[in-house]
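Participant: The following block contains the structure, expressed as structure tokens.
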Amino acid sequence: MAGNRTPAHYVGGCVLISALLLMGCHRPTPPSTAAGGGIRLVYWTAPNPDELALARELVAEWQAAHPEVEVVVQPIPAGQSSEEVLLAAVAAGTTPDLCSNIWPGIVEDFVEAGALVPLDRFSDFDSLWQSRIPETVRMQFRSRDGHFYQFPWKTNPVMMFYNVQLLQEAGFEQPPRTYREYLEAARRITADTDGDGTIDRWMGYRDIRPIWWQRYFDYYAFYVAASGGRTLFDGQGQLALDTAASNRVFAFFARLYAMGAFPKAVWTSSGSRFLNGQLATDFTGSWHLVWLEKHAPAELVYEVAPLPVPDDHEGPVYTYGDYKNMVIFSTTQHPEIAWSLLRFLVSRQADRRLLERTRQIPVRRGLLDDPYFAPVFEQQPLLRRFAEQAAYTRSVDSVPDLKEILDALAQEFEAAAVYGIRSPAEATRRALRRIRMILNWNA
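Under the UniProt record's numbering, think of the first position of the sequence shown as 1, with each following residue one higher.
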């Protein structure tokens with residue numbers, strides 16, 4: 001359970017203050033100039049092997065047309081999270097020229113630190129933005145100062161993978177659509193199958209550690225769904241948490257943990273238990289398709305469906321989009337060349353290979369209507385489900401200190417949902433109180 005710890009908002013504020021001071025007082029040799037004086041770019045990508053391999057292939061193709069530029073492709077250095085690694089790089093002035101593993105929730109912190117190049121300074125930004133980015137998500141990535149510092153690249157909508165056979169055996173020909181249906185399926189499926197007195201088949205699993213980014217796949221994704229597509233803040237950056245939706249999400253997961261349908265455990269991975277039939281559902285993104293294609297036994301039949309919603313929900317089901325975007329850091333000595341590389345990395349050809357190689361959804365207008373991408377979706381019907389869901393996703397808000405805000409929600413999720421020591425309403429009230437403290441502290 002949540003214990004005493006240094007206030008996260010204080011830590012977050014200190015990190016940013018340190019970043020600003022260090023950036024102002026110390027600038028090491030920029031990475032974008034080679035030792036011999038030539039043009040050199042450093043590009044950080046996700047450490048995912050498929051994504052890293054794709055990045056190296058695409059960069060090699062771009063370099064063939066730009067032989068005067070050396071591009072060093074590196075996985076983002078290891079750390080507890082990419083965001084912490086990037087904050088440390090900002091503080092030390094050792095950021096790469098370009099990075100494609102940017103969580104939108106950290107961008108405003110970078111903007112306040114002067115760490116990013118505004119992309120709308122480039123003459124062809126508007127044409128690329130209008131032609132590629134769907135209207136439904138454009139304003140989600142505009143910063144508070146009116147500029148655009150991040151280019152939306154890919155999304156992994158959080159959806160529900162489910163074991164078709166387990167649900168059918170429980171009497172469900174269709175996946176559970178509502179909380180009531182999901183809880184009933186959980187009641188029928190959760191069991192001690194070998195009679196040793198311990199549950200060994202569950203409806204689902206979530207990592208119960210109070211880690212802020214783990215809440216993307218339970219509290220936040222389900223909050224977006226339950227609220228009909230709302231985020232935590234309104235369009236003016238004011239806190240606007242839907243308390244009714246928050247209460248419902250806490251209560252839903254509290255029921256699941258109380259009935260033993262979700263284990264109060266920390267597993268290295270839930271994937272193997274889904275493969276062997278110990279888990280009926282798994283809430284995750286489209287990148288999981290690659291892993292399942294490699295490891296799923298032939299007898300496992302799995303499908304994908306939207307997240308369960310409250311019983312009275314009407315309209316489309318929204319979810320968290322788990323976006324990763326591209327930025328150019330202000331340490332670059334060659335912003336125009338970095339922008340040229342970025343444009344290539346979000347081209348139609350690159351987007352198709354992103355789909356084929358990583359099963360991740362490019363943020364691209366008209367993706368499902370473009371004949372160029374049709375063969376991919378014909379061969380990958382489950383991937384098409386994610387592409388369809390992408391139209392009904394939400395990112396996180398463009399506000400500072402979002403990591404600390406999500407940490408506050410993670411603490412309350414642990415207390416109310418996992419261990420039941422607080423009511424859903426009290427958990428929401430406490431989260432709101434702490435979020436307001438964070439906002440006031442760092443104002």
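We put the beta carbon where it would ideally sit given N, CA and C, even for glycine. Computed from a predicted structure; not experimentally measured.
Cutting at 6 Å between CB atoms, please list the residues of its own chain near L22, excluding the five before and the five after it.
Facilitator: Low confidence applies here, because L22 scores a pLDDT of 43, under 50, leaving its location unreliable and the question unanswered by this model.
Participant: Just list the alpha helix (DSSP H) runs in the segment 124–172, keeping only unbroken ones of 4 residues or longer that don't cross its boundaries, in chain order.
Facilitator: Counting whole runs of 4 or more residues, the segment 124–172 contains the alpha helix (DSSP H) stretches 125–132 and 164–169.
Participant: With C-beta atoms as the reference, is P176 less than 8 Å away from Y149?
Facilitator: No. Outside cutoff.
Participant: Count the other CB atoms within 10 Å of the CB of L54; is the residue buried (16 or more) or exposed (fewer)?
Facilitator: The residue is buried, with at least 16 neighbouring Cβ atoms inside 10 Å.
Participant: Buried or exposed: T231, going by 16 or more other Cβ atoms within 10 Å of its Cβ?
Facilitator: Buried, because 16 or more other Cβ atoms sit within 10 Å of the Cβ of T231.
Participant: May I have the straight-line CA-CA distance separating Y220 from R121, to the nearest angstrom?
Facilitator: Cα to Cα, Y220 sits roughly 33 Å from R121.
Participant: For D370, is the classification buried or exposed, using 16 other Cβ atoms within 10 angstroms of its Cβ as the cut-off for buried?
Facilitator: By the 10 Å Cβ count, D370 comes out exposed.
Participant: Taking only the alpha-carbon atoms, compute the straight-line gap between A408 and V346 and give it to the nearest angstrom.
Facilitator: The straight-line gap from Cα to Cα measures roughly 35 Å.
Participant: Going by DSSP, what residue range makes up the beta strand (DSSP E) through I211?
Facilitator: I211 -> no beta strand (DSSP E), and no H or E assigned at all.
Participant: Could you check what DSSP says for F329 in three-state terms: helix, strand or coil?
Facilitator: If DSSP states are grouped into helix, strand and coil, F329 belongs with the strands.
Participant: Hey, is the segment 244–253 in contact with the segment 399–416, meaning 3+ C-beta pairs nearer than 8 Å?
Facilitator: Cβ pair count under 8 Å is three or more, so yes.
Participant: Assuming I102 is part of the beta strand (DSSP E), what are its boundary residues?
Facilitator: Counting along the chain, the beta strand (DSSP E) containing I102 begins and ends at L98 to I102.
Participant: Suppose the cutoff is 8 Å on Cβ atoms and the five residues either side in sequence are ignored; what does the same chain contact list for G235 look like?
Facilitator: Same-chain partners within the cutoff: M139.
Participant: Taking all protein chains shown into account, decide if W153 is buried (16 or more other Cβ within 10 angstroms of its Cβ) or exposed.
Facilitator: The residue is buried, with at least 16 neighbouring Cβ atoms inside 10 Å.
Participant: Between R430 and W212, what straight-line distance do the alpha-carbon atoms span, to the nearest angstrom?
Facilitator: C-alpha separation (whole angstroms): 16 Å.
Participant: What separation, rounded to the nearest whole angstrom, lies between the Cα atoms of residue 444 and A338?
Facilitator: The question about residue 444 has no answer here: the residues shown for the chain are numbered 1 through 443.
Participant: Measure the C-alpha to C-alpha separation of A78 and V85 and round it to an integer number of angstroms.
Facilitator: Whole-angstrom Cα-Cα distance: 7 Å.
Participant: Am I right that P75 and P47 are in contact with their C-beta atoms under 8 Å? What's the rounded C-beta distance?
Facilitator: Between P47 and P75 the Cβ distance is about 4 Å, and since that is below 8 Å, they are a contact.
Participant: Do you know offhand how far residue 449's Cα is from A261's?
Facilitator: Look at the range of the chain in this structure, 1 to 443, and you will see that residue 449 is not part of it.
Participant: Per DSSP, which one or two residues make a beta bridge with F233?
Facilitator: Per DSSP, L239.
Participant: Let me know the secondary structure DSSP gives K403 once reduced to three states.
Facilitator: The answer is helix: DSSP assigns K403 an H, G or I state.
Participant: Between D200 and D194, is the Cβ-Cβ spacing less than 8 Å?
Facilitator: Going by C-beta atoms, D200 is nearer than 8 Å to D194.
Participant: Which residue comes first and which comes last in the beta strand (DSSP E) that contains I39?
Facilitator: I39 to T45 is the span of the beta strand (DSSP E), which, as asked, contains I39.
Participant: Measuring straight from C-alpha to C-alpha, what distance separates residue 445 and F283?
Facilitator: The structure shown has nothing for residue 445, since the chain only spans 1 to 443.
Participant: Can you have a look at A374 and say buried or exposed, based on whether 16 or more other CB atoms are within 10 angstroms of its CB?
Facilitator: Exposed, since its Cβ has fewer than 16 Cβ neighbours within 10 Å.
Participant: Assign Y223 to buried or exposed, taking buried as 16 or more other Cβ atoms, counted over all protein chains shown, within 10 Å of its Cβ.
Facilitator: Buried.
Participant: If the criterion is Cβ atoms closer than 8 Å, does the pair L128 and H334 meet it?
Facilitator: Not a contact, by the Cβ cut-off of 8 Å.
Participant: Out of E314, E388, L300 and V158, state which residue places its alpha-carbon closest to the alpha-carbon of Q165.
Facilitator: Answer by Cα proximity: L300.
Participant: Report yes if the CB atom of V327 is closer than 8 Å to the CB atom of I102, and no otherwise.
Facilitator: Cβ atoms of V327 and I102: closer than 8 Å.
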